[in-house]
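See structure below.
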Amino acid sequence: MDASHGTPPKFYDLSLEQRRQWLIEHTNLTPEDIAALSGQAGLSAEQADHMIENVIGTFALPLGLARHFVINGREVLVPMAVEEPSVVAGASFAARLARAGGGFTAHATAPEMIGQMQILNLADPYSARLRLLEAREELLASAAAVDPVLQRLGGGPRDLEVRLIESSPIGPFLVLHLIYDVRDAMGANAVNTAVERLAGRVQAITGGKVLLRILSNLADRRLARARCTIPLSELAFGDFRPEEVRDGIIAAWAFAAADPYRAATHNKGIMNGVDAVVIATGNDWRAVEAGAHAYAARSGRYTSLSTWGKDEQGNLVGTLEMPLAVGIVGGATRVHPAARAALKLMGVTTARELAEIIVSVGLAQNLAALRALATEGIQRGHMALHARQVAIAAGASGEEIERLAEQLVRENTVRIDRAEEILREWREKRS
Numbered sequence: 533m534d535a536s537h538g539t540p541p542k543f544y545d546l547s548l549e550q551r552r553q554w555l556i557e558h559t560n561l562t563p564e565d566i567a568a569l570s571g572q573a574g575l576s577a578e579q580a581d582h583m584i585e586n587v588i589g590t591f592a593l594p595l596g597l598a599r600h601f602v603i604n605g606r607e608v609l610v611p612m613a614v615e616e617p618s619v620v621a622g623a624s625f626a627a628r629l630a631r632a633g634g635g636f637t638a639h640a641t642a643p644e645m646i647g648q649m650q651i652l653n654l655a656d657p658y659s660a661r662l663r664l665l666e667a668r669e670e671l672l673a674s675a676a677a678v679d680p681v682l683q684r685l686g687g688g689p690r691d692l693e694v695r696l697i698e699s700s701p702i703g704p705f706l707v708l709h710l711i712y713d714v715r716d717a718m719g720a721n722a723v724n725t726a727v728e729r730l731a732g733r734v735q736a737i738t739g740g741k742v743l744l745r746i747l748s749n750l751a752d753r754r755l756a757r758a759r760c761t762i763p764l765s766e767l768a769f770g771d772f773r774p775e776e777v778r779d780g781i782i783a784a785w786a787f788a789a790a791d792p793y794r795a796a797t798h799n800k801g802i803m804n805g806v807d808a809v810v811i812a813t814g815n816d817w818r819a820v821e822a823g824a825h826a827y828a829a830r831s832g833r834y835t836s837l838s839t840w841g842k843d844e845q846g847n848l849v850g851t852l853e854m855p856l857a858v859g860i861v862g863g864a865t866r867v868h869p870a871a872r873a874a875l876k877l878m879g880v881t882t883a884r885e886l887a888e889i890i891v892s893v894g895l896a897q898n899l900a901a902l903r904a905l906a907t908e909g910i911q912r913g914h915m916a917l918h919a920r921q922v923a924i925a926a927g928a929s930g931e932e933i934e935r936l937a938e939q940l941v942r943e944n945t946v947r948i949d950r951a952e953e954i955l956r957e958w959r960e961k962r963s
């Protein structure tokens, strides 16, 4: 990277070792952090044995670095754990487009989770509901005593709601919602403990039976939102005029907004970015996925999580809103060395900051996918990266990988049978 040799190489052109050295020189990561992120000193089988049952080893995913992100005016390097080609490249490219318009503006609501209690066998569910609401202050005080440490940190119970399910396969029953501020945790353990402790008192008040006592992953009180503006001038490329690209992106979004079959794939593209950061930071990607898709169907019809349109100047504008229950304390975020290093790399100090980064990555990923779909097609960039995996699967090694991948892309036949055929031809010539 000597300046005397002209423009420094792009990050993706650097070798693995050069990228790691760049991180040491340009971030606050220590060599130990780099070793954790690189897999050289990450989660050991012995550590994993204390995390889940029947451990036999660990399983690795590629960990990439998304660049060019500006979120709330701050430069952020974003670690992404994902196996799918083009995800990291797509997020980085879209972030570069967005930074021309000031980057991403994001915010997250209070970290309030919902604990649910199912109350059965009620002689009069209507009266039982009112009795619970009358006992609101008593129940909230009891819930506050469950975790005094969380209470001292400013968290704890916030509200109590009672819903009547009038029609179900087993008839009517009540559902009590305990709204609980979990601060910088994901919150499952704190919420589950609180609702379990309240069960006996709720039964005494209602005369019914409390069955399920469990957190809801539809965290619609814990939302993360991001928006961005892409200057019209940034959208032109090749033979595509900027207005054509902008209007194509808006039309592609409209398809997802109107059709659940398209919305499922559209939202999956958003989650490509979201999940990759959630996994890299040791958070529960399954909970985030469940909450996102349930939120997308909150109107009774499954639709797009994002919106795209244009402003008065004709610039492209996008927004994304979704539940995002992530934490920076507890669970794997504290146990997994790479997860700790990933949080350090992003410089986050609260769960809210982490949610703001993740929702911004989701919006960037959505932009990258819609731009590709509305112009040159999704396969061109994706298959160029996928060709490397095909080359490796066919048996290529060393310099053969890039050479074979390039030929497969030129031929537009990114298939393992063709890759194996090319390799045989090369090796027969050499012999």
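In my numbering, the protein residues as written are 533 to 963. A virtual CB, placed ideally from N, CA and C, is assigned to each residue, including glycine.
Relative to the alpha-carbon of residue i, which residue among the options has its alpha-carbon at the smallest distance?
| i | options | result |
| --- | --- | --- |
| R753 | V694, Y827, F769 | Y827 |
| A874 | E549, L597, H558, F591 | L597 |
| F625 | E957, L877, L767 | L767 |
| P617 | K542, V922, Q735, A906 | V922 |
| M612 | A824, A655, A870, L764 | A870 |
| L666 | L692, D779, V681, G688 | For the sequence presented, residue 666 should be read as Glu rather than Leu. Checking every option, the nearest Cα to that of E666 belongs to L692. |
| M649 | V727, V587, L664 | V727 |
| V619 | A925, L899, S929 | L899 |
| Q897 | T813, H709, G688, R599 | R599 |
| E669 | R690, T882, L764 | R690 |
| G801 | K842, G622, S699 | G622 |
| V867 | G814, E952, I651, L940 | G814 |
| P855 | A751, T559, L561 | A751 |
| A857 | G686, R942, A883, T797 | A883 |
| T851 | G863, G859, E844, S838 | S838 |
State buried or exposed for residue i, treating a residue as buried only when at least 16 other CB atoms are found within 10 Å of its CB.
| i | result |
| --- | --- |
| Y544 | exposed |
| Y793 | exposed |
| Y512 | Nothing about residue 512 can be read from this structure; the chain reaches only from 533 to 963. |
| N944 | exposed |
| I811 | buried |
| P701 | exposed |
| A969 | Since the first residue shown for the chain is 533 and the last is 963, residue 969 is missing from the structure and cannot be characterised. |
| R757 | buried |
| R903 | buried |
| F769 | exposed |
| I954 | buried |
| F636 | buried |
| S929 | exposed |
| T738 | buried |
| R959 | exposed |
| A655 | exposed |
| N966 | Examination of residue 966 is not possible in this model, given that the chain is present from 533 through 963 alone. |
| D949 | exposed |
Report the partner residues of residue i according to the DSSP bridge assignment.
| i | result |
| --- | --- |
| V861 | A717 |
| D691 | I711 |
| I746 | Q648 |
| P611 | L597 |
| A638 | A758 |
| G739 | G739 pairs with nothing; no bridge assigned. |
| S838 | L852 |
| V602 | E607 |
| L706 | I651, L696 |
| F769 | F772 |
For residue i, which residues from the same chain have a beta carbon less than 8 Å from its beta carbon, with the 5 sequence-adjacent residues on both sides left out?
| i | result |
| --- | --- |
| S963 | none |
| E615 | L593, P594 |
| G589 | A577, A580 |
| V694 | R661, L664, L665, L706, V707, L708, H709 |
| V602 | V608, A627, A630, R631, G634, G635, F636 |
Taking 6 Å as the limit between beta carbons, can you name the residues of its chain near residue i, skipping five residues before and five after?
| i | result |
| --- | --- |
| S547 | none |
| D534 | Caution applies to D534, whose pLDDT of 37 falls short of 50 and renders its modelled position unreliable; the model cannot decide the point. |
| T761 | G633, N847, V849 |
| L629 | I762, E766 |
| G719 | M645 |
| L764 | P774, G846, N847 |
Spatial neighbours of residue i within its chain, please: C-beta separation below 7 Å, excluding the five flanking residues on both sides.
| i | result |
| --- | --- |
| R920 | I933, A937 |
| V861 | D716, A717 |
| G841 | I782, V849 |
| P704 | P657, L696, I697, E698 |
| S570 | R552 |
| N604 | T637, A638, E888 |
Chain B beta carbons: is any one of them nearer than 8 Å to that of residue i?
| i | result |
| --- | --- |
| G832 | In the structure shown, chain B cannot be found, because there is only a single protein chain. |
CB of residue i to nearest heavy atom of the ligand ADP: below 7 Å?
| i | result |
| --- | --- |
| Y658 | The ligand ADP is not part of this structure, which contains no ligands at all. |
The segment 788-805 / the segment 893-901 touching (three or more Cβ pairs under 8 Å): Contact between the segment 788-805 and the segment 893-901 is present: three or more C-beta pairs spanning the two stretches fall below 8 Å.
At least 3 beta-carbon pairs within less than 8 Å: the segment 734-749 vs the segment 813-831: Judged by Cβ distances under 8 Å, the segment 734-749 makes contact with the segment 813-831, as three or more pairs qualify.
Quick check: the segment 714-730 against the segment 644-663, are at least 3 beta-carbon pairs closer than 8 Å? With a cut-off of 8 Å, the segment 714-730 and the segment 644-663 count as touching, because enough Cβ pairs lie within range.
Pair every Cβ in the segment 769-778 with every Cβ in the segment 652-662, then say whether three or more of these pairs are closer than 8 Å. Result no; under three Cβ-Cβ pairs closer than 8 Å.
Are there three or more Cβ pairs, one per stretch, closer than 8 Å when the segment 669-678 is compared with the segment 718-733? Result yes; three or more Cβ-Cβ pairs closer than 8 Å.
Are three or more beta carbon pairs between the segment 781-789 and the segment 881-888 nearer than 8 Å? Fewer than three pairs of CB atoms, one per stretch, sit closer than 8 Å, so the segment 781-789 makes no contact with the segment 881-888.
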